[in-house]
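Novice: Residue numbers (the UniProt record's numbering): 1 to 627.
From the three backbone atoms N, C-alpha and C, an ideal C-beta is built for every residue, glycine too.
1. In chain order, what residues of the same chain lie with their CB nearer than 7 Å to the CB of residue 278, ignoring the 5 residues before and after it?
2. Quick one: is residue 21 buried, meaning 16 or more other Cβ sit within 10 Å of its Cβ, or exposed?
3. Say whether the stretch 128–147 touches the stretch 101–116, bearing in mind that this needs 3 or more beta-carbon pairs closer than 8 Å, one atom from each stretch.
4. Check each candidate in 141, 167, 142 and name the one with the smallest Cα separation from residue 153.
5. Would you mind working out which of 474, 519, 421 sits nearest residue 459, comparing C-alpha positions?
6. For the beta strand (DSSP E) holding residue 289, just list the boundary residues, first then last.
7. Can you list, in chain order, the residues of its chain whose CB lies under 7 Å from that of residue 539, leaving out five sequence neighbours each side?
8. Can you give the beta carbon distance from residue 524 to residue 399, rounded, assuming they're within the 8 Å contact cut?
9. Could you tell me the distance, in whole angstroms, from the CA atom of residue 614 to the CA atom of residue 527?
10. Would DSSP call residue 499 helix, strand or coil?
11. Does the pairing of the stretch 139–158 with the stretch 17–31 give three or more beta-carbon distances under 8 Å?
12. Relative to the alpha-carbon of residue 63, which residue among 76, 52, 563, 54 has its alpha-carbon at the smallest distance?
13. What are the boundary residues of the beta strand (DSSP E) that residue 243 is part of?
14. What are the partner residues of residue 191, as DSSP defines its beta bridges?
15. If you run the structure through DSSP and keep just helix, strand and coil, what is residue 462?
16. Check the DSSP bridge columns for residue 352 and list the partner residues they point to.
17. Pull up the DSSP beta-bridge partners for residue 364, would you.
18. From which residue to which residue does the beta strand (DSSP E) around residue 131 run?
19. Quick one: give me the first and last residue of the beta strand (DSSP E) that residue 283 is part of.
20. Using only the alpha-carbon positions, how far apart do residue 256 and residue 180 sit?
21. Restricting to Cα atoms, I'd like to know which of 467, 489, 591 is closest to residue 506.
22. Taking only the alpha-carbon atoms, compute the straight-line gap between residue 52 and residue 96 and give it to the nearest angstrom.
23. Among 85, 29, 388, which has the Cα closest to the Cα of residue 437?
24. Check whether the stretch 426–444 touches the stretch 463–475, taking contact to mean three or more Cβ pairs, one atom from each stretch, closer than 8 Å.
25. Count the other C-beta atoms from every protein chain shown that fall within 10 angstroms of the C-beta of residue 669, then say buried if there are 16 or more, exposed otherwise.
26. Leaving aside the five residues before and after residue 173 along the sequence, list all residues of the same chain whose C-beta is less than 8 Å from its C-beta, in chain order.
27. Helix, strand or coil for residue 110? Go by DSSP, reduced to three states.
28. DSSP three-state call for residue 236: helix, strand or coil?
29. Please state the DSSP three-state secondary structure of residue 510.
30. Runs of 4 residues minimum, wholly inside the stretch 189–225: which ones carry the alpha helix (DSSP H) assignment?
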């Protein structure tokens, strides 16, 4: 649960020269542009670039809140107030900049923050993710420019359909679903080659970007402001208590608004590269894959080798390069033989693997996603482990907050569900279910001996395969203009609960899941969970696990002391039980314990009664153990 605390300082970053080495590696230097080749001349037919209040308001609405400010310290919240109270000040400034084609120097200065990637080597630039914090006044201006640039692209030829990054209405899931449609729709073998562009965003040559913008015939006033935007940029970082500055001479500005769109315009040239028949591009930002279809592995190898050659040629001409050691090739097939490909790029051979990672999903050659489940389950398991440390069973944290924190682990496991939900292997589901069981136990403060079904029902968390199915259905519905399917997993969950052989005591108390999960009051706690699950401070339970020799009740000597006997029968708690039954005007039985659901008062009275008797039993059992 590292995200719940402030990350520790990066060790040894103060070593003389190390920070400068990392910054130079992340932000390579290109020759400073001195020509005016890409500066368009104004024409009489060029539209007037005036920014009106409405355009300013719409752009300001999209500014995110609770984000770190740039070098000037002004936050987006403050800027939104300025836009509301005095918009004309900003429109005047922005219109002056736009008409003169000048992007102010102060808005091109970025403050660098480094984030370390896991436990990678401390002295390697690629071990860090750079965040560049820019002034929000400049980012609002960028937003206006970006909106106009995107509108122009949408109204002209647009971008390549296989670019899924930085585009409205598209996502990594959209890209992965496209890959799935290729694989499922092919009657032949499918090969995939994932390509890694070395330090792509920070290395994109400005001349290449401006040339791509010019070839798109972007309006002249936008070309001029973009040219100014990509000139005299400055990176600021603190070293040894002093601020250092380094000029930036290439790359799309990290942390900017306009940068992603400029990248897409540049990268569109790659996606327009002519490929051999049967080979297609898939791209999300700089993550690009080549997907080929052929009758055998040799055919796939030939097509992907030729495609990789053409891609590498374009990258070399543009000023970018492949990290060949990170490129991977794989044949997607269920057969066990002839499944390797020899893909050579610029004299180096790309690894041929049985599993490749693309857009955060581990795709194996059999399209069963077993390795993905194992990897992701292990990652989610670390989150659950952290959750267990900060939220022990006896803490006062309510299940609603526990459930909120557990959503982090669920989000990790459910990423990409529309892709793998219907193809996940049995082994993969086993790995997922183990982690989800740990989540459910922690949410309801249950003991680890409780069966797999009951904790999920008590917590109100559906089985992971049903949650994955729900996400797949919801994703499919969003793609349809007129959705018709009712996405509802409650009925299937209920059928499983009714037919399960586990958790039958819990089923007796909670026969209808929907009534339980739809309640608007009441929180389960450590002691209530003991009754709902039937596990812990009962003689019958302790005998089963070798803690006692007899299952006899400690108070009334009834031959079986379990949850049913303790709550509904034991004479030791008759007075307290009678008080609750009188107040609620009901005879408590396992079949009507759902009386708790009728009102907040009913819940509190029954919950307090259970807390009193279970706390007393725990205290007596501990005293008995110390004798």
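Specialist: In this structure, then:
1. One-based indexing of the chain shown puts residue 278 at position 278. Here the set comprises 292, 293, 294, 303.
2. Counted from its first residue, the chain shown places residue 21 at position 21. Classification for residue 21: exposed.
3. yes
4. Position 153 of the chain shown holds residue 153. That would be 167, whose Cα lies nearest to the Cα of residue 153.
5. If you number the chain shown from 1, residue 459 lands on position 459. For the residues 474, 519, 421, the minimum Cα distance to residue 459 belongs to 519.
6. To locate residue 289, count along the chain shown from 1; it is residue 289. That run of the beta strand (DSSP E) goes 287–294.
7. Here residue 539 refers to the residue found at position 539 when the chain shown is read from its first residue. Hits under 7 Å: 548, 550, 551, 552, 553, 554, 561.
8. One-based indexing of the chain shown puts residue 524 at position 524. One-based indexing of the chain shown puts residue 399 at position 399. Yes, residue 524 and residue 399 are in contact; Cβ-Cβ is about 5 Å, under 8 Å.
9. Your numbering for residue 614 matches position 614 in the chain shown. Your numbering for residue 527 matches position 527 in the chain shown. Residue 614 and residue 527: Cα-Cα distance of roughly 6 Å.
10. In the chain shown, residue 499 corresponds to position 499, counting from 1. It is helical.
11. no
12. The residue you call residue 63 lines up with position 63 of the chain shown. Residue 63 has its Cα closest to that of 76, out of 76, 52, 563, 54.
13. By one-based count along the chain shown, residue 243 stands at place 243. Unbroken beta strand (DSSP E) run through residue 243: 242–248.
14. For the purposes of this step, residue 191 is taken as residue 191 along the chain shown, with counting starting at 1. Its beta-bridge partners are 292, 331.
15. Looking up residue 462 in the chain shown gives position 462. Of the three classes helix, strand and coil, the one that applies to residue 462 here is coil, per DSSP.
16. Counted from its first residue, the chain shown places residue 352 at position 352. According to DSSP, residue 352 bridges with 329.
17. Mapped onto the chain shown, residue 364 falls at position 364. Answer by DSSP bridge pairing, in chain order: 355.
18. Locating residue 131 in the chain shown gives position 131, counting from the first residue. Start and end: 128–133.
19. On the chain shown, residue 283 is found 283 positions in, with the first residue counted as 1. Segment 279–284, the beta strand (DSSP E) holding residue 283.
20. As a first step, residue 256 is located in the chain shown; it is residue number 256 there, counting from the start. As a first step, residue 180 is located in the chain shown; it is residue number 180 there, counting from the start. Distance between the alpha carbons of residue 256 and residue 180: 32 Å.
21. Here residue 506 refers to the residue found at position 506 when the chain shown is read from its first residue. When each option's Cα is compared against that of residue 506, the closest is 591.
22. Residue numbering aside, residue 52 sits at position 52 when the chain shown is read from its first letter. Residue numbering aside, residue 96 sits at position 96 when the chain shown is read from its first letter. Spanning the two alpha carbons is a distance of roughly 13 Å.
23. Position 437 of the chain shown, counted from the start, is the residue given in the question as residue 437. If we check each option's Cα against that of residue 437, 388 comes out closest.
24. yes
25. Only positions 1 to 627 of the chain appear in the structure, and residue 669 is not among them; the question remains open.
26. Here residue 173 refers to the residue found at position 173 when the chain shown is read from its first residue. Closer than 8 Å at Cβ, skipping near neighbours: 416, 418, 419, 475.
27. The residue given as residue 110 occupies position 110 in the chain shown. Here residue 110 sits in strand by DSSP.
28. For the purposes of this step, residue 236 is taken as the residue at position 236 of the chain shown. Correct three-state label for residue 236: strand.
29. Residue 510 sits at position 510 when you count from the first residue of the chain shown. Three-state DSSP puts residue 510 in coil, outside helix and strand.
30. 200–203, 206–215
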